[in-house]
Structure formats: C-alpha cells, structure tokens
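Peer 1:
There are 4 protein chains.
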Amino acid sequence: MRNIKVEQLVQTPVENQEIELVERKGLGHPDSISDGIAEAVSRALCAEYIEKCGAVLHHNTDETQIVAGRSSPAFGGGEVIKPIYTLLVGRATKEFNGVEIPAEAVALSAARDYLRKNIVNLDLDRDIILDCKLGTGSSDLRDVFGREKIPTANDTSFGVGHASFSELERIVYDTEKQLIGDLKGKLPAIGEDIKVMGLRDKDDISLTVCCGMVDKYVDDMDAYVSFKEQMKDYILDIAGKYTDRNINAYVNAADNTADGCGCIFLTVTGTSAEMGDDGSVGRGNRCNGLITPNRPMSMEATSGKNPINHVGKIYNLLSTQMAWDIVEAVPQVDEVYVRLLSQIGKPIDQPMAASIQVIPEDGANFATVQDDAEAVADEWLGNITKVTDLVINGAIDTF
Amino acid sequence: MRNIKVEQLVQTPVENQEIELVERKGLGHPDSISDGIAEAVSRALCAEYIEKCGAVLHHNTDETQIVAGRSSPAFGGGEVIKPIYTLLVGRATKEFNGVEIPAEAVALSAARDYLRKNIVNLDLDRDIILDCKLGTGSSDLRDVFGREKIPTANDTSFGVGHASFSELERIVYDTEKQLIGDLKGKLPAIGEDIKVMGLRDKDDISLTVCCGMVDKYVDDMDAYVSFKEQMKDYILDIAGKYTDRNINAYVNAADNTADGCGCIFLTVTGTSAEMGDDGSVGRGNRCNGLITPNRPMSMEATSGKNPINHVGKIYNLLSTQMAWDIVEAVPQVDEVYVRLLSQIGKPIDQPMAASIQVIPEDGANFATVQDDAEAVADEWLGNITKVTDLVINGAIDTF
Amino acid sequence: MRNIKVEQLVQTPVENQEIELVERKGLGHPDSISDGIAEAVSRALCAEYIEKCGAVLHHNTDETQIVAGRSSPAFGGGEVIKPIYTLLVGRATKEFNGVEIPAEAVALSAARDYLRKNIVNLDLDRDIILDCKLGTGSSDLRDVFGREKIPTANDTSFGVGHASFSELERIVYDTEKQLIGDLKGKLPAIGEDIKVMGLRDKDDISLTVCCGMVDKYVDDMDAYVSFKEQMKDYILDIAGKYTDRNINAYVNAADNTADGCGCIFLTVTGTSAEMGDDGSVGRGNRCNGLITPNRPMSMEATSGKNPINHVGKIYNLLSTQMAWDIVEAVPQVDEVYVRLLSQIGKPIDQPMAASIQVIPEDGANFATVQDDAEAVADEWLGNITKVTDLVINGAIDTF
Amino acid sequence: MRNIKVEQLVQTPVENQEIELVERKGLGHPDSISDGIAEAVSRALCAEYIEKCGAVLHHNTDETQIVAGRSSPAFGGGEVIKPIYTLLVGRATKEFNGVEIPAEAVALSAARDYLRKNIVNLDLDRDIILDCKLGTGSSDLRDVFGREKIPTANDTSFGVGHASFSELERIVYDTEKQLIGDLKGKLPAIGEDIKVMGLRDKDDISLTVCCGMVDKYVDDMDAYVSFKEQMKDYILDIAGKYTDRNINAYVNAADNTADGCGCIFLTVTGTSAEMGDDGSVGRGNRCNGLITPNRPMSMEATSGKNPINHVGKIYNLLSTQMAWDIVEAVPQVDEVYVRLLSQIGKPIDQPMAASIQVIPEDGANFATVQDDAEAVADEWLGNITKVTDLVINGAIDTF
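Heads up: the protein sequence lines correspond to chains F, G, L and P, in order.
According to the working numbering, the first sequence is numbered sequentially starting from 18.
According to the working numbering, the second sequence is numbered sequentially starting from 18.
According to the working numbering, the third sequence is numbered sequentially starting from 18.
According to the working numbering, the fourth sequence is numbered sequentially starting from 18.
(1) Since F244(L) is in the beta strand (DSSP E), which residue starts that stretch and which ends it?
(2) On a CA-only basis, which of E65(P), P348(P), C70(P), Q374(P) is nearest A381(P)? Give me that one, please.
(3) If we define contact as Cβ-Cβ less than 9 angstroms, is S51(G) a contact residue for chain P?
(4) Output yes or no for whether 9 angstroms exceeds the beta carbon distance between S359(L) and D52(L).
(5) Provide the residue(s) that pair with F182(F) in DSSP beta bridges, ordered along the chain.
(6) Assuming G229(P) contacts D210(P) under a Cβ cut-off of 8 angstroms, what Cβ separation, rounded to an integer in Å, is found between them?
(7) Tell me which residues share the same chain as I67(L) and place their Cβ nearer than 7 angstroms to its Cβ, disregarding the 5 neighbours each side in the sequence.
(8) Which parts of the segment 104-165 of chain F are runs of the beta strand (DSSP E), unbroken and 3 residues or longer, counting only runs that do not cross its ends?
(9) In the DSSP assignment, find the unbroken alpha helix (DSSP H) run with D342(G) in it and report its ends.
(10) C304(G) and N269(G): beta carbons closer than 9 angstroms?
(11) Identify the continuous beta strand (DSSP E) that holds A371(P) and give its terminal residues.
(12) If you draw a straight line from the alpha carbon of N33(P) to that of R87(L), how long is it in whole angstroms?
(13) If we cut at 9 angstroms on Cβ distances, does S156(P) have a partner in chain G?
(14) Assign E317(F) to one of three DSSP states: helix, strand, or coil.
(15) Can you tell me whether T103(L) is buried or exposed? The criterion is at least 16 other CB atoms within 10 Å of its CB, across all chains shown.
(16) Using 8 angstroms as the threshold, is the segment 339-357 of chain P in touch with the segment 172-181 of chain P, meaning 3 or more CB pairs across them?
(17) Please state the DSSP three-state secondary structure of D79(L).
(18) Could one say the Cβ of E417(G) lies closer than 9 angstroms to chain P's Cβ atoms, at least one of them?
(19) Near V123(G), which residues of its chain fall below 7 angstroms by C-beta distance, leaving aside the five closest residues on each side in sequence?
(20) Would you identify the three-state DSSP class for V23(F), choosing helix, strand or coil?
(21) Between V375(P) and Q25(P), which are expected to be in contact by the criterion C-beta below 8 angstroms, what is the C-beta distance as a whole number of angstroms?
(22) Look at the Cβ atom of V350(G), then the Cβ atom of A394(G), and state whether they are nearer than 9 angstroms.
(23) Specify, as a first and last residue, the run of the beta strand (DSSP E) that L472(G) falls within.
(24) Check this for me: beta carbons of I401(P) and I343(P), under 9 angstroms apart or not?
(25) For P364(G), which residues from the same chain have a beta carbon less than 6 angstroms from its beta carbon, with the 5 sequence-adjacent residues on both sides left out?
(26) Closer than 9 angstroms by beta-carbon distance: list the chain P residues that pair up with Q338(L), in chain order.
(27) Since G296(L) sits in a beta bridge, which residues does DSSP pair it with?
(28) When the distance is taken between beta carbons, is I146(P) closer than 9 angstroms to A290(P)?
(29) Less than 9 angstroms between the beta carbons of Q82(F) and V106(F), yes or no?
(30) Alpha carbon to alpha carbon, how far is K403(G) from A120(L)?
(31) Which residues, in chain order, does the segment 83-107 of chain F contribute to contact with chain L at a C-beta distance below 7 angstroms?
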C-alpha cells in the first residue's frame with residue numbers, strides 16, 4: 018500500500034486566470050548549455066559503467082558552471098575574444114572491483130560531443146575552455162546501484178509535475194523547439210540562444226523572444242532586420258495553431274537598429290555565453306521544458322543527477338509523466354498537480370507522500386476520478402525503474 | 018499609470034489543502050553557502066563602488082560554484098582530507114573614469130569574511146580553496162547605474178512572492194533559524210548545514226531535519242544520540258508555538274547508530290560541502306527563505322545579482338515585500354500572490370505586468386480589497402529604489 | 018663601440034675531460050611539451066599581432082604548466098584515466114589602438130595545433146584539459162615594440178652559448194631527433210617522450226634512452242622487447258657515425274619484462290605526462306637542444322618569451338648563433354663560450370658585457386683569433402633583430 | 018667500490034677569468050616564491066607522513082606555478098587590483114595502509130604559512146588565490162620509502178656542485194641575504210623581491226640590484242630616493258668586506274624618478290608577482306643560492322622534490338656539500354666541481370658516475386689530492402641518507 022493521496026483542488030484553472038507567465042530558455046541559453054552538458058555527461062557515464070561494470074554506478078554531475086567569455090561580433094563574422102570557461106563538476110565512481118573508470122575523460126569527451134552537435138557555431142578549439150573537477154563517488158553504494166532490487170532514496174527531497182499544458186505553455190514550448198528544429202534550417206543566422214517569455218493578459222498573448230543571431234550569416238543591418246521579420250511571422254504562425262486569442266510577438270525587442278551592431282543581439286557563436294552571460298545547472302527550465310510561475314515547481318536540478326536513486330531527478334520526471342498519464346487516462350480532469358516526497362534511505366517506490374491534486378471538470382464524479390488517478394500513480398510507482406531506463410536510453414528530456 | 022492587475026483567485030488556501038510541503042536549506046548547506054557568498058560579494062562590491070566612484074556600478078556575482086571536498090570525521094575531531102574548492106563567478110566593472118576597482122580582491126576578501134563569520138568550524142587556511150573568475154562588466158551601463166533616474170530593466174524576467182506564511186512555513190523557517198541562532202550557543206556540536214523538510218498531511222506535521230554535527234564537540238556515540246534528542250525536543254517546542262496540529266520530528270533519520278561514526282551525519286566543519294555535496298547559487302531557498310512547491314516560485318537566483326537594475330533580484334524581493342504589505346495593510350485577505358514581469362530596457366518601476374492574485378476571506382468586499390491592494394503595489398513601485406537601499410544596507414535577506 | 022671582450026681560456030677541452038654528461042629531453046617529455054606549447058603560443062601571437070596591428074606587441078608566454086594525468090596502458094591499447102591538465106600562463110597585449118586581440122583564443126588554438134602535430138596519439142577531446150590564464154601586457158611598450166629602432170632590454174639578464182658540439186653532444190642530439198624523425202615512421206610504437214642521457218667515461222660512451230612506447234602498437238611483451246632491440250641497434254648505428262669510441266646503449270633500462278606491462282615503459286599517448294610526470298617551461302633543454310653540465314648554461318627559459326626585447330630569449334639564441342659562427346669563421350679555434358649580459362633599459366645591441374671565451378688550438382695566433390671573433394660578435398650585435406625574424410618565422414628552435 | 022673519478026682540471030680558475038657573471042634571485046622573486054612554497058610543501062608532507070605513517074612517503078611537489086596579478090602601488094600605500102594566482106602542483110601519496118593523508122590540505126596550509134612568514138606585506142585574504150592540484154603518488158614505492166635500506170634512484174639524472182665561492186659569488190649571495198635579514202629591520206620599505214646581478218670585468222665589479230619597495234613605507238619620491246641611497250651604501254659596505262676590487266652598485270637602475278611613481282619599482286606587497294611577473298619552480302637559483310654561468314650547473318629543480326629517492330634533489334645537494342667538504346678538508350685545492358649521475362633503479366649510494374674535477378693549487382701533489390678527495394666523496398656517499406635528514410629537518414637550503 019502506497020501513501021498516495023488524491024485530493025480535489027478548488028482553484029481557478031490557469032487557463033482562466035487573468036495573468037499567466039511562461040518562459041522557456043532554449044538550447045543555447047547558458048543555463049540550458051549547463052543543463053545539456055550535465056545530462057550528456059551523466060548519460061555517457063551510465064553507458065561507460067554499463068559497458069565496464071554491467072550496471073550504472075554512483076555519480077552525480079549536476080553542477081556544470083559556465084563562465085562567460087567576451088566576443089566581438091561583426092556583420093559577416095567577428096570573433097570570440099576571450100574563451101568561455103566551463104567547469105564540469107560532480108562526483109563519479111572511478112574504481113569498482115578493480116576496474117578503473119576514466120570518469121573525467123568520459124565527461125570531457127561527452128561535453129565536447131554535446132557542444133559540437135548542439136552549439137554548432139562554437140569553435141571548440143579556440144572559443145571554449147573545458148575544465149573538469151569530478152570528485153569520487155561513494156563506492157559503498159554498490160548495493161544501491163546493483164539494481165537487483167528497488168533502490169533506496171539518496172535524500173529527502175521532492176519532485177513536482179503538472180499536466181496538461183495551457184495554450185501559452187504549448188506556444189512557448191513549441192516556439193523555441195521549431196525555431197531551432199525547423200526554421201534554422203532555412204535561416205542559419207538563428208542562434209541556439211533563444212529565450213521565449215510568454216505573457217497572457219486575459220485574452221492577449223505577447224511573446225517576447227530574444228535570439229542571438231550568428232554574425233557570419235548576417236551581412237548587414239538590413240539582413241538582420243529581415244531575419245527578425247521572418248522569425249516574427251513564423252512565431253505568429255506557430256502560435257496561431259494553438260489559440261484563438263490575440264497574439265503579439267517581439268523579436269529582440271531591446272535592439273536599437275539605428276545605432277550599429279553594438280546595439281543589436283548579434284553573436285559569433287549563437288550563445289550569449291560568449292559575451293557576459295554565465296550559466297549553471299538547474300536554474301533554467303524545469304524537466305517539462307518550461308518555467309511556469311503559475312504552477313507549482315521544484316527547485317531540484319533534474320539534469321546530471323544519476324537516474325538510479327537520485328529522487329531529485331527521478332521524482333521530477335516521474336511526477337510529470339504521472340500527471341500527463343492521469344490527464345490522458347482519466348476522464349473529466351481539467352488539471353493535475355503531482356508532488357512526490359521521498360524519505361532518505363527508503364525504497365523509491367514507496368514515497369513518504371504522493372500528493373495528487375486534481376481540478377476536475379465541472380460535474381465530474383470525483384470518487385471515480387480519485388480511484389482512476391490513484392491507479393495510474395500506483396502503477397507508475399510499481400514500475401519506477403522505467404524512468405531510469407528512459408533516462409539512460411536518452412528517451413526523455415530533462416530541461 | 019502602472020499595469021497592475023488585482024485578481025480574485027478562487028483556490029483552496031494552502032492551509033486547507035491536504036498535503037503541503039515546505040523546505041529550508043540552512044546557512045551551511047552547500048547551496049546556501051553559495052548564495053551567501055554570492056550576496057556577500059555583491060554587497061562588498063556595492064560598498065567599494067560607492068566609496069571609490071560614488072555610485073554602485075554594474076556587476077552580477079550570482080554564480081558561485083562549490084565543488085565538495087572529502088573529509089574524515091571522527092568523534093573528538095577528524096580532519097578535512099581534500100579541501101573544498103569554491104569558484105566565485107560573475108562580472109564586475111573594474112575600471113571607471115580612470116579609477117581601477119580591485120573587484121576580484123574585494124570578492125575574495127568578502128567571501129573569506131563571510132565564511133569566517135558563518136561557517137565557524139571551517140579552517141580557512143587548509144579546508145578550502147577560493148578561486149575567482151570575474152569577467153568585466155559593461156561600462157556602457159554608467160547611465161543606468163548613475164541612479165539619477167529610475168534604472169531600466171536589464172532583462173525580460175519576473176519575480177514572484179506570496180504572503181502570509183502558512184503554519185508549516187513558519188515552523189520550517191523558524192526551526193533552522195533558532196537551531197543556529199539560539200540552540201547552537203548551548204550545543205556547539207550543531208553544524209550550520211541544516212536542512213528542514215516539512216510535510217503536512219492534513220493535521221499531521223512531520224519535520225525531517227538533517228544536521229551535520231561537528232565532530233570535535235561530539236565525544237562518542239552517546240553524546241551524539243543525546244544531542245539529537247535535545248535537538249528533537251527543541252524543535253517540537255518551537256513547532257508547538259505555531260500550531261495545534263500533531264507534530265513529529267526526525268533528526269538525522271538515516272543514521273545507523275549501531276554501525277559506528279561512518280553511518281551518522283558527523284562532519285569536521287559543520288557542512289556537507291566537506292564530503293561530497295556540491296553547491297551553487299539559486300538552487301536552494303527562494304528569497305523568502307523557503308522552498309514551497311505549493312506556492313508559485315521564480316527560478317531566478319536572487320543572491321549576488323546587482324540591486325540596481327537586475328529585475329531577477331529586485332522583482333523577487335519586491336514581490337515578497339508587496340505581498341506581505343498587502344496582507345498586513347488590507348483587511349479580509351487570506352493569501353496574496355504577486356508576480357512582476359519586466360521588459361528589457363523599460364524603467365523598472367513600470368513592469369510589463371504586475372499581477373496580484375488575492376484569495377479573500379469569505380464574504381470580503383473584493384472591490385475594496387482590489388483598490389487597497391493596488392494602492393500598496395503602486396506605492397512600492399513608486400519607491401522601488403528602496404529595495405536597492407535595503408539590499409545595499411544589508412537589511413534584507415536573499416535566501 | 019661595443020663592450021666585447023674576447024678572452025683566451027686555458028682549459029681542458031670538454032672532449033678531453035675524463036667524464037662528460039649530456040642530456041636531451043625529447044619532444045614528448047613533459048618539460049619539452051611545455052616548452053613547445055609556450056613557443057607555439059608566442060609564435061601564434063606574433064602572427065596575430067602582425068596581421069592585426071602591423072607589429073609584434075608585448076607578450077611573454079613562457080610559463081606553461083603541465084599537471085600529469087593518470088593512465089591505464091595495456092598491450093593493444095589502454096586508455097587515459099585522468100586527463101592531463103595544462104595551464105597556459107603569461108601576459109599578452111589584448112588591446113591596441115582600439116583593436117582587440119583575442120590573445121587567449123589564439124593561445125588555446127595554437128596549443129591544440131601544436132599538440133595535434135607533435136603528440137600524435139594524444140586524443141585532444143578526452144585526454145587533456147587546456148586552461149589559460151594570460152594577464153594583460155603593458156601597453157606602454159608600444160614604442161619598444163614599434164620596431165622603428167633597436168629595442169631596449171626588458172631586464173638585466175644574460176644568455177649563454179657554446180660551440181661546437183662534442184662527439185657526445187652530437188650523438189645525444191641526433192639520437193632523439195632521428196628516432197622520432199626517421200625510425201618512428203617504421204616503428205609507430207615509438208612515443209615522443211624520449212629522454213637520452215649520455216655519459217662518456219674517457220673513451221666509453223653509454224647512452225641511456227627512456228622511451229614511452231605507444232600501447233596500441235604493441236601487441237604483447239615479445240613485440241615490446243623486439244621494438245627495444247630495434248631501437249638499440251638503430252641508436253648504435255647513429256652513434257657510430259660520430260665516434261670511434263666504445264658505445265653502449267640501454268633502452269628503457271628499468272624495465273622488468275618478466276612482471277607484465279606494469280613494469281615496462283608503456284603509455285597510451287606516448288608521453289609520461291599521462292601518468293605522473295608534470296612539466297614546465299625552461300626546465301629541460303637549453304636553446305641548443307641539450308643539457309650540458311660540462312658547459313656554462315643559462316637558467317633563462319628561451320621558449321615563449323617575446324622575440325623583440327626579452328633578452329632572456331634573444332641573448333641565449335644569439336650567444337649560441339655567435340659561438341657557432343665564430344667556430345666556423347675563425348680558424349684555429351677549438352671551443353667558444355659566449356655570455357651576453359644586458360642592462361635593463363639599454364638598447365639590446367649594446368650589451369653591458371659580451372664575453373667571448375676561446376680555447377684556441379695549440380699554436381694558434383690568439384691576436385688574430387681575437388680580432389676575428391670580435392668581428393663576428395660585432396656583426397651579429399649590429400644585426401640583432403635578425404634573431405627576432407628567425408624566431409617569428411619559425412626558423413630557429415628554442416629547446 | 019664506488020665509481021668515483023677524481024680528475025685534474027686544467028682551467029683558468031674563475032677568479033682569474035676576465036669576465037664573471039653571478040646572479041641571485043631573492044626570497045620574493047616570483048621564481049623564488051615558487052621554490053620556497055614547493056619546498057615548504059614537501060617539508061610539511063614529510064612531517065605529516067612521519068607523524069601518521071612513521072616514514073616519509075612518496076611525493077614530489079616541485080611544480081608550483083605563479084600567475085602574476087595586477088596592482089596599483091602608490092606612495093603611502095596602494096592596493097592589489099587582481100590577485101596573484103598560485104597553483105600548487107605535484108603528486109603525493111594520499112592513502113597508506115588504510116590511513117588517509119590530507120595531502121592537499123597540508124600543502125595549502127604550508128604554502129600559506131610560508132607566505133605569511135616570508136612575504137610579510139602580502140594580504141593572504143585578498144591579494145592571492147592559492148589553488149592546488151596534487152595527483153596521487155604511486156603507493157608501490159613503500160619499499161623504497163620504508164627506509165630500511167638504501168633507496169633506489171627514481172630516475173636517471175644528475176646533480177652538480179662546486180666550491181668554493183669566488184669573491185663575486187660571496188658578495189652577490191650576501192648582499193641579498195643581509196638586505197632582508199638585517200637592513201630591512203631598519204628600512205621596512207625594502208621588499209623581499211630583490212634580484213642581484215653581479216658582473217666582474219677583470220677588477221671592476223658592478224652590482225645591479227633590483228628591489229621592489231613597499232609603498233606604504235614610502236611617503237614620497239624623496240623618501241624613495243633616500244632609501245635607494247641607503248641601500249647602495251649598505252651594499253658597498255658588504256662588498257668591501259670580501260674584495261679589494263673596485264665596486265659599483267646600482268639600485269633600481271631603470272627608475273625614472275622624474276616621472277612619478279609609475280616609473281619606479283614601487284610595489285604594494287614587496288614582490289613583482291603582484292604586477293606582471295609570473296614564476297615557477299627551478300628557474301631561479303641553484304641549490305647553492307646562485308646562478309653562475311661561469312660554473313657547471315644542473316637544470317634539475319631541487320625544491321619540492323622528495324628527499325628520499327629523487328636524485329634530482331639529493332645529488333644536487335650532495336654534490337654541493339661534497340665540493341665544500343673537499344675544499345675544506347683537502348689541502349692545495351683551488352676549485353672543485355662535482356657531478357653525480359644516477360641510474361634509475363640502482364641504489365643512490367652507488368652512482369653510475371661520480372666525477373670530481375679539481376683545479377689544484379700550483380705545485381700541489383695531485384695524487385694526494387686525488388686520494389683525499391675520493392675519501393671525502395666516498396664517505397658522503399656512504400652516509401647519503403644524511404642529506405635526507407638535513408632536508409627534512411630544514412637544515413639545508415634548496416635555492
């Protein structure tokens with residue numbers, strides 16, 4: 018019997034609240050780069066451990082610190098003046114049953130691979146310094162990580178999730194995803210450092226998008242202005258698919274295009290980490306890809322933590338999955354909020370508290386909702402190591 | 018005319034929700050140490066700028082990274098084996114009108130001072146490495162920082178605050194504060210690394226407290242167990258002042274006191290940063306001192322940001338102040354949630370949106386509440402630089 | 018009139034002394050890697066300065082520090098466990114007449130290029146961390162570096178050179194050069210970390226050669242032993258061309274081939290920097306490529322210093338060139354020792370002392386020798402900036 | 018039977034050569050600070066190992082790297098703008114028979130102690146960053162370090178020494194020693210960064226002394242000029258005790274006292290490491306305290322190496338001791354040069370070659386000299402571990 022509480026929440030659904038705020042930091046935002054590297058390192062370590070030792074061993078690499086560089090962007094192509102400094106931080110098991118695991122070498126290599134694939138205009142030979150300080154993980158955890166039974170929680174902490182997305186949440190999320198995944202194919206000037214801030218004031222949505230443009234693909238101010246226009250049109254198109262509300266979009270609103278390229282958001286590498294913006298793990302998107310101050314959130318960084326027993330990772334991912342499944346599987350549900358609290362040392366499939374708050378549709382039979390929601394939650398907890406597998410296989414995002 | 022929206026929120030007040038979670042990371046938690054250093058460095062820079070240049074100049078030092086060390090605690094006194102590594106990160110103006118500002122020297126000195134005062138059993142000569150990478154702040158910001166008029170927002174971002182505290186919030190907050198501020202005077206074995214996790218399940222409150230005990234003040238396991246008992250009693254006393262609900266308290270619940278000092282939470286320095294726990298800014302308490310997944314929160318790190326134009330700092334502090342003032346000044350208000358959204362480049366006293374959500378008491382006249390709340394908000398925005406002064410004078414906490 | 022003193026030295030020529038010691042650290046020795054990187058960085062900066070500013074600007078990058086990694090070599094191919102850490106240190110002008118020079122980016126890129134070309138089995142993505150701390154060079158030196166007239170000495174220091182080489186010096190020098198330049202083409206297992214220690218005890222020469230073999234090209238112990246034999250034969254061949262004395266050669270003399278690959282000099286990357294041997298600039302070969310305790314030497318690091326006014330570089334290179342030219346141009350000369358002393362702030366073509374010590378052949382007319390030697394020295398000093406050009410063009414070795 | 022060769026050297030004694038150069042870098046020169054820290058760390062580790070394990074364990078800490086800061090000196094007291102960065106580098110045994118040794122904590126603490134005592138005007142809280150990267154020493158060396166028998170050489174390398182000192186050598190050595198040890202007591206403005214360059218041109222000696230003056234003890238230019246005068250007089254006094262030759266002394270010869278304090282050698286901390294001068298181990302004085310290009314020298318850094326089996330340290334110290342003892346114990350000896358060459362893996366009391374070159378007085382009986390010198394050398398080799406004791410007890414200088 019698990020301690021699952023399904024509670025009816027009397028609350029104005031977010032969609033009906035007057036003011037709603039939603040933010041997404043794109044792949045190239047310094048905080049997201051930190052998240053991405055941290056998670057890539059953890060995945061690479063998982064693979065290395067499995068290959069060498071047959072099981073994932075203890076590690077947490079959830080503390081990458083990016084120290085911004087300095088750059089001198091210019092139409093047609095400038096240069097990075099002072100390289101970005103990046104410190105990979107965490108712990109990892111470096112020896113197990115006589116087998117040495119090259120944790121820091123694996124981490125460096127994974128970080129470079131990640132950057133090569135995701136921040137495509139960053140010159141890894143001259144624009145960035147990658148440093149690494151991985152402490153030693155406790156080898157006493159071999160039982161935990163042997164995975165013969167359910168792991169025990171590494172800490173007392175909690176995860177939070179909600180479903181489904183509001184219109185604004187969908188729009189903000191998709192805007193960034195498609196600008197990089199689709200439009201960038203046609204407009205290579207679009208850098209990966211995109212921040213989307215969505216504000217809904219009753220039925221007026223405004224999307225403020227900041228995007229670091231890549232200078233070598235921008236010949237002059239006319240080109241720059243034209244690219245912004247194309248992005249704006251594209252964004253309005255995306256948003257229009259999700260809503261009938263009024264939409265306004267602003268791209269690089271702080272630009273002063275009259276005053277030369279020093280006053281626009283032009284970059285050499287596509288990320289503001291090249292010029293003054295530091296970054297670190299866990300300060301950007303939650304594991305659902307968004308920052309949503311109208312929703313409950315957890316402060317735990319999901320990226321980089323080990324997917325075996327770190328509840329700060331597993332419970333955030335699980336809460337989110339659970340919430341989506343409840344919304345899909347249970348009729349008459351408007352919104353679902355899930356909070357999972359662990360107790361250090363207890364099996365992770367037995368949370369100290371599993372709180373499920375449901376805003377039902379008007380007229381719903383809450384007793385049925387309650388039973389159905391609890392069943393979904395119970396099944397997920399019974400299969401909690403599935404979250405671990407999804408993470409190791411790279412089938413689930415963490416930011 | 019400011020864009021202030023006061024909205025009635027139909028919502029089960031947190032006090033009446035079935036499950037409530039509240040967490041506080043104490044002064045010596047690695048994330049809090051990062052916050053504390055970051056803010057101490059910013060305050061020291063403010064003082065230096067004012068002394069040398071007559072005004073606070075551009076800086077943001079909100080990215081301290083702590084890489085945990087390794088230690089060998091022992092009853093009666095062990096030792097740190099591998100020093101903690103701490104990297105101070107950020108940007109600061111280093112030259113202004115021909116005056117050089119020793120930003121990194123000031124930062125180092127401030128960080129050491131902070132540690133000396135707050136983590137009292139840390140040997141600064143051998144237990145910690147303090148490194149520093151402060152980039153150059155943009156000197157173009159002199160107008161902004163000249164303070165002759167209202168500064169303009171450095172970014173598009175938002176702050177969030179709420180009031181008043183639920184019973185559980187008060188208890189969690191006070192527990193950590195008084196353990197250090199009061200009980201530690203009598204029990205020097207109490208280390209500064211205290212984490213309080215509060216769970217309320219209807220009318221049952223459980224407080225899970227993790228506290229790194231300082232080994233040199235703990236002679237043996239009996240003493241350790243006795244200290245835990247004294248802490249538990251003390252905590253129950255505190256909690257009893259705020260609630261009539263049932264209270265349970267657990268101190269270092271994961272201890273296995275049968276298996277020697279390797280299985281209890283014993284430390285040399287009073288912080289787990291000595292042994293495996295990394296830390297960074299903005300991943301712990303929000304600026305009200307708590308982590309509250311039943312409340313809206315902001316992801317912005319408040320500590321270390323400049324108090325002049327960084328809305329990620331000012332709007333979080335201001336939202337919180339505003340919420341408390343509304344609760345105090347406006348009758349018939351149960352809960353207040355404030356969200357302030359800036360637009361980059363616009364004066365910070367003119368937020369793009371100021372959303373105030375109120376859960377009124379039953380039968381309240383919402384129109385009156387609305388007017389009164391708006392007045393409070395408007396007055397705070399009209400005096401926004403007061404937040405700056407409070408920060409510079411050290412009169413306001415950031416974590 | 019320059020202060021050139023040609024003095025007759027009454028001395029047993031080195032070739033006739035009973036005991037002679039000569040050492041050469043090859044390209045892949047950690048100290049030589051430091052030298053090589055330091056010089057590569059300086060050359061890259063020279064090129065950058067010339068391209069952007071029309072002249073070489075102030076810099077000194079003569080302090081690369083290598084912190085050894087840890088590795089796990091194995092027949093057929095092992096791996097680096099802990100990456101080598103390399104810190105590029107020095108100063109460089111980063112701004113000149115409004116032009117920004119990306120000194121650290123140039124340095125990183127040059128260091129990587131150097132390693133890619135010279136330590137061919139080092140995986141730059143995972144086996145090494147390249148960090149960089151270049152301070153700011155004094156921009157007041159623009160007159161010095163403008164090169165319209167003879168630069169003034171940056172310091173009071175001296176350079177030392179001698180000619181010609183003894184038999185042992187030639188042998189030691191050539192052994193390392195040809196093992197890498199020639200034999201490695203056929204035996205890829207030869208790593209770049211070769212140290213040759215030559216001892217001549219009257220007419221018995223012993224060459225002790227340490228060479229880190231590259232594990233992926235060594236299938237087993239038999240192959241290893243066979244490679245050592247081939248190297249020994251090759252070395253005896255080389256040496257035989259220069260001397261009629263008895264020669265013994267020892268390759269990896271400390272190997273214990275009976276005890277498995279942990280007791281032989283096997284490496285993953287070809288350099289012992291992967292496993293325990295740190296390195297820094299200026300602690301290996303003098304600028305003639307050798308360490309010769311039977312000869313006068315200077316302690317100045319030649320590599321990485323700027324070639325414009327750093328006498329610690331220029332005077333060492335010049336002394337050596339001068340000595341060789343005297344030996345070639347002046348008849349009846351057995352050995353020549355040159356010492357050049359600068360005085361800070363004085364033109365570098367006017368040394369405070371230029372001491373030339375000559376051991377003439379028996380029966381030589383020393384007055385003639387004196388005049389001729391002085392003429393050679395005077396001409397070199399009159400064309401001292403030729404040394405600068407040779408360095409910039411990469412036409413002269415520094416270690 | 019040891020391989021000791023005593024050879025008569027036919028050579029103009031240095032005292033009779035026309036040109037002689039001698040240099041000493043004082044305690045506060047960046048290279049000497051590196052040497053001093055490296056040796057202090059090694060001594061502290063020796064003490065720690067002896068206390069915890071009963072014997073000195075494997076370590077080498079001979080690679081401290083100093084990256085210069087930036088400062089703004091001013092009459093009456095300026096400040097350090099950018100802290101000096103210092104990286105302690107090396108290897109050390111961190112675990113032995115289950116005992117953990119806090120090598121990095123010991124190193125940090127020893128380095129701070131050393132700086133506190135020797136660079137007295139450096140503010141350790143704000144003027145310097147001390148970082149540390151000590152790799153793991155091989156624990157297989159326990160036999161070597163158990164000291165039950167004669168240790169075996171860690172490498173094939175050599176040490177070099179000579180005796181006695183020429184007039185110029187004595188003068189240069191004593192000048193620095195007494196300026197700090199005596200005159201600084203009366204003139205606190207004298208900083209520890211003193212470089213003495215001695216040139217003897219036949220019977221004319223010139224001493225060029227560079228000394229970083231400490232600004233807070235220098236009120237104005239008049240005071241500065243006066244202090245230089247007092248130093249000059251003091252230096253001439255010292256030199257006069259050792260020679261009848263003509264002496265000239267120059268203190269801070271490059272000063273331009275007409276142009277303000279930017280053109281004189283004024284410092285905040287007493288060392289030029291505060292402003293542009295990097296430093297590293299082994300690039301300054303040889304273990305006799307001098308740099309002597311008229312004498313044979315070794316390139317091996319003596320400071321920081323372990324005193325048990327690192328021949329690069331032991332043989333340099335031993336050669337020097339041997340040379341002095343021969344000069345003292347054997348009549349009719351003018352100059353002695355000692356070179357000791359080890360072979361890796363062989364007992365250190367059995368060098369591969371021990372070359373003793375003697376310039377006897379005119380008319381000496383060389384056969385007697387030969388026997389006596391060999392006896393001295395043989396006795397020292399028979400008691401070679403006495404060198405180790407002298408180092409551990411701090412009874413012998415290394416730079």
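Every residue gets a Cβ at the ideal spot worked out from N, C-alpha and C, and that includes glycine.
Just so it is clear, the structure is predicted and the values come from calculations on it, not from any experiment.
Peer 2: A quick look at the data gives this:
(1) Segment 238-259 is the alpha helix (DSSP H) holding F244(L); no beta strand (DSSP E) there.
(2) Out of E65(P), P348(P), C70(P), Q374(P), P348(P) has the C-alpha closest to the C-alpha of A381(P).
(3) no
(4) no
(5) According to DSSP, which records beta bridges pairwise, F182(F) is partnered with nothing at all.
(6) 4 angstroms
(7) V73
(8) 145-153
(9) First-last of the alpha helix (DSSP H) with D342(G): 328-346.
(10) no
(11) It spans 370-377 - the beta strand (DSSP E) in which A371(P) sits, taken as one unbroken run.
(12) 51 angstroms
(13) With a pLDDT of only 49 at S156(P), under 50, the local geometry of the prediction cannot be trusted, and no value is derived from it.
(14) coil
(15) With 16 or more other Cβ atoms within 10 Å, it is buried.
(16) yes
(17) Coil.
(18) Residue 417(G) cannot be examined here, being either before or after the span of chain G that is shown, 18 to 416.
(19) A61, L62, E65
(20) strand
(21) 6 angstroms
(22) no
(23) Here chain G has residues from 18 to 416 only, and residue 472(G) is not among them.
(24) no
(25) I167, T169
(26) Per Cβ cutoff of 9 angstroms: no residues; Q338(L) is ~17 angstroms from chain P at best.
(27) I83(L)
(28) no
(29) Contact: yes.
(30) Answer to the nearest angstrom: the Cα atoms are 43 angstroms apart.
(31) S89, E96, V97, I98, K99, P100
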